[in-house]
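Going down the list, the sequences are from chains A and B. Counting in full-length UniProt numbering, the first sequence runs from 1 upward without gaps. Counting in full-length UniProt numbering, the second sequence runs from 1 upward without gaps.
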Amino acid sequence: MSGGTEIPVRVTKVTPVAHRIKRFRFERLDGRPMPYFSGGAHVIVSMNDNGHLRRNAYSLMSPPYDCSAYEISVLHVDDSRGGSSFMHEKVREGDEMRVSHPVNLFQPDWRGRKHLLIAGGIGITPFIAMMEQFSREGAQFELHYAIRSRDRGAYCEDLVAHYGRHRVKIYCDAEDNRIPVARLLDSQPLGTHLYVCGPAGLIDGVLKSGLESGWPEQNLHSERFLSSQPGKPFSIELTRSGKTVHVGHHESMLEAIESAGVDAPFLCRGGACGQCETRVALCDGKLLHNDVYLTDEEKASGRKVMLCVSRFEGKALHLDL
Amino acid sequence: MLVEGIKSRPVYMGLSIQPRARRHIFALEGEGAHALLDRKAALDSTALSRSEILYAPRGSQGKGNDEALRALGADMFFAAPTIATLLFRLRGTLTTAHMGTRLYIAGTEGFIGQAMIVALDHGMDHASVITEHRGSLARRVQCVHCKGVTEDVTHSPFPCGHCGLPLLVRDHYSRRLGAFQGVNIDAEEPGSAPDPEELFL
Numbered sequence: 001m002s003g004g005t006e007i008p009v010r011v012t013k014v015t016p017v018a019h020r021i022k023r024f025r026f027e028r029l030d031g032r033p034m035p036y037f038s039g040g041a042h043v044i045v046s047m048n049d050n051g052h053l054r055r056n057a058y059s060l061m062s063p064p065y066d067c068s069a070y071e072i073s074v075l076h077v078d079d080s081r082g083g084s085s086f087m088h089e090k091v092r093e094g095d096e097m098r099v100s101h102p103v104n105l106f107q108p109d110w111r112g113r114k115h116l117l118i119a120g121g122i123g124i125t126p127f128i129a130m131m132e133q134f135s136r137e138g139a140q141f142e143l144h145y146a147i148r149s150r151d152r153g154a155y156c157e158d159l160v161a162h163y164g165r166h167r168v169k170i171y172c173d174a175e176d177n178r179i180p181v182a183r184l185l186d187s188q189p190l191g192t193h194l195y196v197c198g199p200a201g202l203i204d205g206v207l208k209s210g211l212e213s214g215w216p217e218q219n220l221h222s223e224r225f226l227s228s229q230p231g232k233p234f235s236i237e238l239t240r241s242g243k244t245v246h247v248g249h250h251e252s253m254l255e256a257i258e259s260a261g262v263d264a265p266f267l268c269r270g271g272a273c274g275q276c277e278t279r280v281a282l283c284d285g286k287l288l289h290n291d292v293y294l295t296d297e298e299k300a301s302g303r304k305v306m307l308c309v310s311r312f313e314g315k316a317l318h319l320d321l
Numbered sequence: 001m002l003v004e005g006i007k008s009r010p011v012y013m014g015l016s017i018q019p020r021a022r023r024h025i026f027a028l029e030g031e032g033a034h035a036l037l038d039r040k041a042a043l044d045s046t047a048l049s050r051s052e053i054l055y056a057p058r059g060s061q062g063k064g065n066d067e068a069l070r071a072l073g074a075d076m077f078f079a080a081p082t083i084a085t086l087l088f089r090l091r092g093t094l095t096t097a098h099m100g101t102r103l104y105i106a107g108t109e110g111f112i113g114q115a116m117i118v119a120l121d122h123g124m125d126h127a128s129v130i131t132e133h134r135g136s137l138a139r140r141v142q143c144v145h146c147k148g149v150t151e152d153v154t155h156s157p158f159p160c161g162h163c164g165l166p167l168l169v170r171d172h173y174s175r176r177l178g179a180f181q182g183v184n185i186d187a188e189e190p191g192s193a194p195d196p197e198e199l200f201l
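Given below as structure tokens:
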């Protein structure tokens with residue numbers, strides 16, 4: 001099966017953490033240890049929502065060396081496509097679920113002399129695992145964490161208490177505190193790597209300021225999980241399997257193809273990893289590329305498409321699947 | 001005789017001045033001076049006021065490159081008598097440098113490799129260091145048997161400067177050592193090494 005073999009798990013704990021944020025603890029049904037992972041890794045959680053399969057990526061936030069369980073934190077998003085609503089409203093302690101093996105697309109650069117972490121809101125989760133690893137390895141790091149209000153900020157007090165005020169700085173929007181990005185960028189020692197995770201506006205702003213401050217692109221890292229955007233329904237022809245698949249308003253191409261029983265490749269399901277890259281056999285219309293994987297030239301060529309987040313508008317789309 | 005087509009062989013993209021850098025450090029050797037002098041047009045007064053030029057003339061001694069570099073009017077200029085002196089100075093500069101500092105290296109491959117080691121030691125990513133190959137094609141080669149490094153190798157095979165084995169020069173490059181790898185060419189039948197070819201002049 002695409003995406004690797006899944007691990008059957010039981011939800012052993014559900015903890016409310018902050019406004020609209022819950023933490024879930026998964027332990028293996030067979031009692032064996034979970035695989036080790038590295039800070040920044042995520043898993044795909046499969047949800048069986050009344051027979052409808054939903055799959056979402058969530059960063060692992062438990063300590064990477066702790067194999068007793070995996071923990072994730074889920075924000076109940078306002079415009080949920082179903083995944084975060086399902087996790088918040090349907091999942092109970094004791095439920096059985098399936099998670100993928102961990103995948104890391106947000107690996108710290110261990111050659112760095114210092115690691116500068118910038119988080120916005122729920123973007124804090126990969127950094128919680130990363131900081132465990134940094135502190136265990138004796139690596140130098142600093143976290144700058146922006147939250148909208150105190151009741152929405154997950155883990156603020158815990159992190160400050162654990163790592164100290166000198167390493168964890170909280171900026172609260174409601175109290176008119178913003179991350180002084182430009183000043184931070186100007187005062188870092190040579191060999192610092194920056195990592196940013198959070199809302200798209202924060203990521204774009206920080207990366208742009210980084211380049212403007214003369215930082216090389218090699219030292220700027222980000223992780224954004226895009227979710228598939230709703231759009232006009234359309235149909236696709238799968239040339240190898242000979243099937244016609246209808247993609248609904250709220251559905252992604254990947255989800256529609258999976259529902260049709262075709263095993264398409266995937267890994268992150270968020271337009272970042274490149275695994276679901278698919279060759280376009282015929283395109284009479286316009287591909288709406290929403291991923292951050294393909295280069296601008298590849299997007300313009302119209303020969304490849306990422307099934308997980310991109311869409312199509314036009315007469316006919318044939319894919320090599 | 002040369003073993004080519006190996007992926008680790010470095011590619012030097014040429015000195016492009018990064019306009020947004022807060023500090024420019026130029027480490028130049030010999031003919032590498034021209035890599036910077038040829039880009040005078042890209043150096044406005046702001047860029048020069050943020051620039052530090054370190055130069056080791058070596059084989060280009062007496063050609064006036066040092067005077068031409070000094071005349072650019074950078075914030076700092078330092079002429080080093082040897083590569084070792086230049087690298088010592090570069091270490092000092094990078095130790096107190098901040099992000100936003102960009103390093104440019106130009107000269108022979110052996111020099112680029114050694115200055116790159118200093119950059120890596122300070123946590124810089126090799127791909128973020130801007131390099132240009134100027135001057136001789138002579139290589140810095142490590143003997144994979146005795147680990148001795150021979151500078152300014154122009155022939156392949158050549159006798160290792162340390163253990164004397166005839167070494168075939170490969171394009172296999174070690175960034176950590178800043179050197180190409182030399183492998184004994186007549187191990188099975190000592191004395192059967194082919195005649196040396198002058199490849200890297």
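We put the CB at the ideal spot given by N, CA and C, even for glycine. Every value quoted in this text rests on a predicted model; they were computed, and no experiment measured them.
Can you list, in chain order, the residues of its chain whose CB lies under 7 angstroms from that of residue i, leaving out five sequence neighbours each side?
i: residue 302 (chain A); result: 280, 283 and 287
i: residue 124 (chain A); result: 145, 154 and 155
i: residue 168 (chain B); result: 1, 3, 156, 157, 182, 183 and 185
i: residue 76 (chain A); result: 20, 84, 85 and 88
i: residue 244 (chain A); result: 235 and 237
i: residue 144 (chain B); result: 181, 182 and 183
Measure the CB-CB distance between residue i and residue j and report whether it falls below 8 angstroms.
i: residue 223 (chain A); j: residue 197 (chain A); result: yes
i: residue 36 (chain A); j: residue 64 (chain A); result: yes
i: residue 45 (chain B); j: residue 24 (chain B); result: no
i: residue 91 (chain B); j: residue 110 (chain B); result: no
i: residue 68 (chain B); j: residue 37 (chain B); result: yes
i: residue 319 (chain A); j: residue 238 (chain A); result: yes
i: residue 267 (chain A); j: residue 307 (chain A); result: no
i: residue 100 (chain B); j: residue 21 (chain B); result: yes
i: residue 74 (chain A); j: residue 11 (chain A); result: no
i: residue 143 (chain A); j: residue 168 (chain A); result: yes
i: residue 39 (chain A); j: residue 132 (chain A); result: yes
i: residue 127 (chain B); j: residue 166 (chain B); result: no
i: residue 231 (chain A); j: residue 311 (chain A); result: yes
Looking at the ligand COA, does it come within less than 7 angstroms of residue i, judged from the CB to the closest heavy atom?
i: residue 138 (chain B); result: The ligand COA is not part of this structure, which contains no ligands at all.
Can you list, in chain order, the residues of its chain whose CB lies under 6 angstroms from that of residue i, leaving out five sequence neighbours each side?
i: residue 228 (chain A); result: 252 and 309
i: residue 193 (chain A); result: 109, 112, 115 and 219
i: residue 83 (chain A); result: 54 and 56
i: residue 325 (chain A); result: Chain A is shown only over 1 to 321; residue 325 (chain A) falls outside these bounds and no answer can be derived.
i: residue 258 (chain A); result: none
i: residue 136 (chain B); result: 108
i: residue 119 (chain B); result: 103 and 129
i: residue 67 (chain A); result: 33 and 34
i: residue 146 (chain B); result: 162 and 163
i: residue 14 (chain B); result: 132
Considering only residues of the same chain and omitting the five flanking positions on each side of residue i, which have a CB-CB separation below 8 angstroms?
i: residue 89 (chain B); result: 54, 78 and 80
i: residue 272 (chain A); result: 105, 223, 224, 225, 226, 291, 292 and 293
i: residue 71 (chain A); result: 23, 24, 25, 26, 60, 61 and 62
i: residue 135 (chain A); result: 141 and 163
i: residue 99 (chain A); result: 6, 7, 9, 26, 43, 44, 45, 46 and 70
i: residue 98 (chain B); result: 22 and 23
i: residue 270 (chain A); result: 57, 224, 225, 226, 227, 308 and 309
i: residue 326 (chain A); result: Residue 326 (chain A) lies beyond the range of chain A shown here (1 to 321); nothing can be said about it.
i: residue 181 (chain A); result: 118, 205, 206 and 209
Residues from the stretch 116-133 of chain B in contact with chain A, defined by Cβ distance under 8 angstroms: Within the stretch 116-133 of chain B, the qualifying residues are 120, 122, 123, 124, 125, 127 and 128.
Residues in the UniProt domain "FAD-binding FR-type" (4-109) of chain A having any Cβ partner in chain B nearer than 7 angstroms: none
Validate contact between the stretch 45-56 of chain A and the stretch 111-120 of chain A using beta carbons, cut 8 angstroms, 3 pairs: no
Where the stretch 106-137 of chain A meets chain B: residues whose CB sits under 7 angstroms from a CB there: Of all residues in the stretch 106-137 of chain A, the ones placed with a Cβ closer than 7 angstroms to any Cβ belonging to chain B are 111, 112 and 113, in chain order.
contact_flag[the stretch 133-150 of chain A, the stretch 159-179 of chain A] where n(CB pairs < 8 angstroms) is 3 or more: yes
Entirely enclosed alpha helix (DSSP H) segments - the stretch 237-284 of chain A, minimum 4 residues: 253-259
Meets three-Cβ-pair contact criterion under 8 angstroms: the stretch 105-112 of chain B and the stretch 126-145 of chain B: They touch, by the three-pair rule.
Positions along the stretch 214-230 of chain A whose CB lies within less than 9 angstroms of some CB in chain B: 214, 215, 216, 217, 218 and 219
Start-end ranges of the beta strand (DSSP E) lying completely within the stretch 135-172 of chain B, minimum 3 residues: Residue ranges of uninterrupted beta strand (DSSP E) with 3 or more members, entirely inside the stretch 135-172 of chain B and ordered along the chain, are 139-143 and 149-153.
contact_flag[the stretch 60-68 of chain B, the stretch 27-45 of chain B] where n(CB pairs < 8 angstroms) is 3 or more: yes
Residues of the stretch 175-191 of chain A whose Cβ lies closer than 9 angstroms to any Cβ of chain B, in chain order: 185, 186, 187, 188, 189, 190 and 191
Sufficient close CB pairs (3 or more, under 8 angstroms) joining the stretch 172-181 of chain B to the stretch 6-20 of chain B: yes
Whole beta strand (DSSP E) elements within the stretch 34-121 of chain B, 3-residue minimum: Contiguous beta strand (DSSP E) elements confined to the stretch 34-121 of chain B occur at 51-56, 76-79 and 101-107, taking only those with 3 or more residues.
Unbroken stretches of the beta strand (DSSP E), 3 residues or longer, contained in the stretch 133-174 of chain A: 141-147 and 168-172
Contained alpha helix (DSSP H) runs [length at least 4] in the stretch 194-235 of chain A, N- to C-terminal order: 200-212
Interface residues of the stretch 201-214 of chain A facing chain B [CB-CB below 8 angstroms]: 211, 212, 213 and 214
Near-chain A residues of the stretch 85-96 of chain B (beta-carbon distance less than 7 angstroms), N- to C-terminal order: 94
The stretch 65-78 of chain B: positions lying closer than 8 angstroms to chain A by Cβ: Residues of the stretch 65-78 of chain B with a C-beta atom less than 8 angstroms from some C-beta of chain A do not occur.
Within 7 angstroms of chain A by C-beta, residues of the stretch 5-33 of chain B in sequence order: 18, 20, 21 and 22
Cβ-based contacts, 7 angstroms cut-off: residues of the stretch 167-200 of chain B near chain A: none
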